[in-house]
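Asker: Residue numbering for the sequence shown follows our numbering, starting at 804 and increasing by one per position.
Virtual Cβ for every residue (Gly too), placed ideally from N, Cα, C.
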Amino acid sequence: KDLNFILNPSLKSHLPDPYNLKNMKQATEIVAKKIIDKEKIGLLGDYDVDGATSTAMLYKYLKDIDIKSEVYIPDRIKDGYGISLNSIEYFKEKKVSFLITLDCGTNDTKSIDHAKSLGIDIIVIDHHEVKNLGMPLEIINPKLKDDLSGLENLCTVGLVFLFIVALNRSLRTKKLFSDNFEPNLKKLLDIVALGTICDLVPLQNANRLLVKKGLEKINLNPNKGLSVLKSKLELENKIKSTDIAYYIGPCINAAGRIGDPFLGFNLLVKNEKKDLEIIAENLINSNNERKTL
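(1) Mind checking which residues open and close the alpha helix (DSSP H) that includes V1072?
(2) For K895 and I844, what's the separation of their Cα atoms in angstroms?
(3) Please classify P821 as buried or exposed, where buried requires at least 16 other C-beta atoms within 10 Å of its C-beta.
(4) Check the DSSP bridge columns for Y875 and list the partner residues they point to.
(5) On the three-state DSSP scale, how would you describe E832?
(6) Run through DSSP, which three-state label would D906 get?
(7) Could you check if S920 is buried or exposed, using at least 16 other CB atoms within 10 Å of its CB as the buried criterion?
(8) Should the region 980 to 989 be called in touch with the region 1003 to 1011, which here means at least 3 C-beta pairs below 8 Å?
(9) Please list the terminal residues of the continuous alpha helix (DSSP H) segment that includes I880.
(10) In this structure, how does DSSP classify D916 when only helix, strand and coil are distinguished?
(11) Determine the contact status of R1060 and Y850, defining contact as a CB-CB distance below 9 Å.
(12) What do you reckon, are the CB atoms on V960 and T856 nearer than 9 Å?
(13) In chain order, what residues of the same chain lie with their CB nearer than 7 Å to the CB of V1072, ignoring the 5 residues before and after it?
(14) Can you check whether the CB of I1082 is closer than 9 Å to the CB of N998?
(15) For the alpha helix (DSSP H) holding V1004, just list the boundary residues, first then last.
(16) In angstroms with no decimal places, state the Cα-to-Cα distance between D1002 and A835.
(17) So the beta strand (DSSP E) D924 belongs to, where does it begin and stop?
(18) Take K871 as the anchor and find which of K881, K841, N971, L1032 has the nearest alpha-carbon.
(19) E1084 lies in the alpha helix (DSSP H); which residues open and close that run?
(20) For P1064, which option in T1095, P819, L847, M827 has the closest C-alpha, if you only look at C-alpha atoms?
(21) Between N956, N823, K1041, which has its C-alpha nearest E1019's C-alpha?
(22) Determine the closest residue to I926 out of L947, Q829, N1026, I1051, with distance taken between C-alpha atoms.
(23) Could you give the uninterrupted runs of the alpha helix (DSSP H) lying entirely in the region 978 to 1042, keeping only those of 4 residues or more?
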């Protein structure tokens, strides 16, 4: 429809307003208050690439603004998909009373009720089909029946990026940032592109914009872990979407399927080259094992 958007999408002109998503404004206000009160925040991500990228991105943003978060990535075998009892116990032990679930939680009414009975409030950011209606909490999911945003093509990492944009906006109006500091959200775009490509959502509209800008970031100034994995995989200098889909993504995915589910998350958040090289090798080994199986 719009040739200029297809060839030269810009964040300024084409990024959707996060507040178009149902519950986004209320959810960001709740989280902004937790941040101002310096509360510890729990993050529960799914074990696939969309979950790992969503969790890593929100973790990095919170760390940037000096907020401590506790992270739980479920084990596919021990925990299964969604909000498990193990994960709730983990957050209870860590004295977390507020939790954001990423790429899971939409239909986990029983687990959410159980968490609430233990004093843990939950916000869900997810893109899976909605089976249970009347959720007893704030839920950001473009597939909600009364969500009119038209953003149902976004996977969770795209939704989390919009959530961070909205949260940053809220914190700015509350004067949380000093004159010389505000987090640079563009540096998260390579992680957004990775999750979006690997979740196989249609590359139209906002997804196209986020992937195009994210690929530019990967090729200009990539996340340290992605840079290490790229060199271990001996990929060409200029990374394309096919490199992410066929080489980088499957390595991160393999960790959640047969390896340590934290590996993909750690690749995206750690900074020490030595650590990252060990993580990258483990991811490649897990992927080779997966291929053999």
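Answerer: Answer, in terms of the structure:
(1) The residue given as residue 1072 occupies position 269 in the sequence shown. Looking at the DSSP string, the run of the alpha helix (DSSP H) that includes V1072 is 1065 to 1072.
(2) Numbered from 1 along the sequence shown, position 92 holds the residue referred to as residue 895. Numbered from 1 along the sequence shown, position 41 holds the residue referred to as residue 844. Rounded to the nearest angstrom, the two C-alpha atoms are 12 Å apart.
(3) As a first step, residue 821 is located in the sequence shown; it is residue number 18 there, counting from the start. Label assigned to P821: buried.
(4) Working through the sequence shown from its first residue, we reach residue 875 at position 72. In DSSP, Y875 forms a bridge with L847.
(5) Reading the sequence shown from its first residue, position 29 is the one you call residue 832. The answer is helix: DSSP assigns E832 an H, G or I state.
(6) Start at 1 with the first residue of the sequence shown, and residue 906 comes out as number 103. D906 falls in the coil class under three-state DSSP.
(7) As a working mapping, residue 920 is identified with position 117 in the sequence shown. Counting Cβ neighbours within 10 Å, S920 comes out exposed, since fewer than 16 surround it.
(8) no
(9) For the purposes of this step, residue 880 is identified with residue 77 of the sequence shown, where counting begins at 1. That residue, I880, is in no alpha helix (DSSP H); it is neither H nor E in DSSP.
(10) If you number the sequence shown from 1, residue 916 lands on position 113. Correct three-state label for D916: helix.
(11) As a first step, residue 1060 is located in the sequence shown; it is residue number 257 there, counting from the start. As a first step, residue 850 is located in the sequence shown; it is residue number 47 there, counting from the start. Yes. Within cutoff.
(12) For the purposes of this step, residue 960 is taken as the residue at position 157 of the sequence shown. For the purposes of this step, residue 856 is taken as the residue at position 53 of the sequence shown. In contact: V960 and T856 (Cβ atoms closer than 9 Å).
(13) What you label residue 1072 is simply residue 269 of the sequence shown in a count that begins at 1. Taken in chain order, the residues that qualify are A859, Y862, K863.
(14) Residue 998 sits at position 195 when you count from the first residue of the sequence shown. Residue 1082 sits at position 279 when you count from the first residue of the sequence shown. One point to set straight first is that residue 998 is Gly, not Asn, in the sequence displayed. For G998 and I1082, no; Cβs fall outside 9 Å.
(15) Numbered from its first residue, the sequence shown carries residue 1004 at position 201. No alpha helix (DSSP H) holds V1004; DSSP gives it neither H nor E.
(16) Translated into the one-based positions of the sequence shown, residue 1002 becomes position 199. Translated into the one-based positions of the sequence shown, residue 835 becomes position 32. If I take the Cα positions, the gap works out to 28 Å.
(17) Residue numbering aside, residue 924 sits at position 121 when the sequence shown is read from its first letter. Its beta strand (DSSP E) spans residues 924 to 928.
(18) Within the sequence shown, the letter at position 68 stands for residue 871. Closest option to K871, Cα to Cα, is K841.
(19) The sequence position of residue 1084 within the sequence shown is 281, counting from 1. Unbroken alpha helix (DSSP H) run through E1084: 1076 to 1095.
(20) Taking the sequence shown and counting its residues from 1, one reaches residue 1064 at position 261. Out of T1095, P819, L847, M827, L847 has the C-alpha closest to the C-alpha of P1064.
(21) Residue numbering aside, residue 1019 sits at position 216 when the sequence shown is read from its first letter. The option with the nearest alpha carbon to E1019 is K1041.
(22) The count along the sequence shown starts at 1 and reaches residue 926 at position 123. When each option's Cα is compared against that of I926, the closest is Q829.
(23) 992 to 1001, 1008 to 1023, 1027 to 1035
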